[in-house]
Amino acid sequence: DTEVTQTPKHLVMGMTNKKSLKCEQHMGHRAMYWYKQKAKKPPELMFVYSYEKLSINESVPSRFSPECPNSSLLNLHLHALQPEDSALYLCASSQVAREFYNEQFFGPGTRLTVL
Amino acid sequence: GENVEQHPSTLSVQEGDSAVIKCTYSDSASNYFPWYKQELGKGPQLIIDIRSNVGEKKDQRIAVTLNKTAKHFSLHITETQPEDSAVYFCAVLNNDMRFGAGTRLTVKP
Chain A
912 DTEVTQTPKH LVMGMTNKKS LKCEQHMGHR AMYWYKQKAK KPPELMFVYS
962 YEKLSINESV PSRFSPECPN SSLLNLHLHA LQPEDSALYL CASSQVAREF
1012 YNEQFFGPGT RLTVL
Chain B
851 GENVEQHPST LSVQEGDSAV IKCTYSDSAS NYFPWYKQEL GKGPQLIIDI
901 RSNVGEKKDQ RIAVTLNKTA KHFSLHITET QPEDSAVYFC AVLNNDMRFG
951 AGTRLTVKP
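So, in structure tokens, the structure goes:
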């Protein structure tokens, strides 16, 4: 199984809502990532989890809260988002974090719209 | 931090022609250079990568070349097909992955 899955595929939420994005991989990878991708832009790193511990937080606002319940699952909890947070949210995984030759596998993304 | 520049931003070729996309980076310590293809509505998919100790790598119609001295690397697609149409991102790994701005490739039948 060389797949990273993400749910939901699409999400529309109001600025007062609380929602969560989910990501799952069963490749035995110990590093998982959240990226944000705006239209016609490259992915931008948000968070890195290594061995279920948050190792990188790229100065992301606290309205985004990541969680790694176990080595296969990664969540992104959303609260009080702004319309400018609308984007494609990508999850990725790799064998380890911050190592040489570290191929990252991406999921299909969750298309988030904040009204 | 690492700065990755990618050119061109758009590229249109006729089916069967070759396409070349170029990237430059700033940090000589960077050691891994993947290329991703992203189709509409999908996540990026790795198509080829190259390590810092290799100058060239080929996989069927796709090849990547790396010039560590000049700090640039290129993606070459030969005999292009309409299904090659997508956005292509170069990336550079130096602790974290940094992406180029992307190239929208259109292959006209």
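Protein chains in written order, with our numbering: chain A, 912 to 1026; chain B, 851 to 959.
Cβ coordinates follow ideal geometry from the N, Cα and C atoms, glycine included.
Residue i - DSSP class collapsed to helix/strand/coil
i: B:GLU855; result: strand
i: B:PRO932; result: helix
i: A:GLU914; result: coil
i: B:ASP946; result: strand
i: A:GLU935; result: strand
i: B:GLU889; result: coil
i: A:PRO994; result: helix
i: A:MET924; result: strand
i: B:ARG954; result: strand
Closest residue to residue i among the options (Cα-Cα distance)
i: A:PRO952; options: B:ASP946, B:VAL937, B:ALA869, B:GLU906; result: A small correction: the amino acid at residue 952 of chain A is Lys; Pro does not occupy that position in the sequence shown. Answer by Cα proximity: B:VAL937.
i: B:SER876; options: B:THR953, B:THR956, B:PHE949, B:VAL957; result: B:PHE949
i: A:GLN1015; options: A:VAL959, A:LYS920, A:MET926; result: A:VAL959
i: B:SER935; options: B:ALA869, B:GLY851, B:GLN910, B:ASN853; result: B:ALA869
i: B:LYS907; options: B:ASN945, B:PRO884, B:ALA879, B:GLU852; result: B:PRO884
i: B:LYS872; options: B:GLN895, B:GLY851, B:VAL942; result: B:VAL942
i: A:GLU995; options: A:LEU1023, A:SER982, A:GLY939, A:SER1004; result: A:LEU1023
i: B:THR919; options: B:HIS926, B:ALA879, B:VAL854; result: B:ALA879
Interface flag, residue i vs chain B, CB-CB below 9 angstroms
i: A:VAL939; result: According to the sequence shown, residue 939 of chain A is Gly rather than Val. Not closer than 9 angstroms to any Cβ of chain B, the Cβ of A:GLY939 fails to qualify, so no.
i: A:ASN968; result: no
i: A:LEU932; result: no
i: A:ASN1013; result: yes
i: A:GLY870; result: Nothing about residue 870 of chain A can be reported from this structure: the residues present for chain A run from 912 to 1026 only.
i: A:ALA1003; result: yes
Chain A contact for residue i (CB, 9 angstroms cutoff)
i: B:PHE923; result: no
i: B:LEU916; result: no
i: B:LEU861; result: no
The beta strand (DSSP E) enclosing residue i, as first and last residue numbers
i: A:MET943; result: 942 to 948
i: A:ARG1022; result: 1021 to 1025
i: B:ALA913; result: 912 to 917
i: B:TYR875; result: 869 to 875
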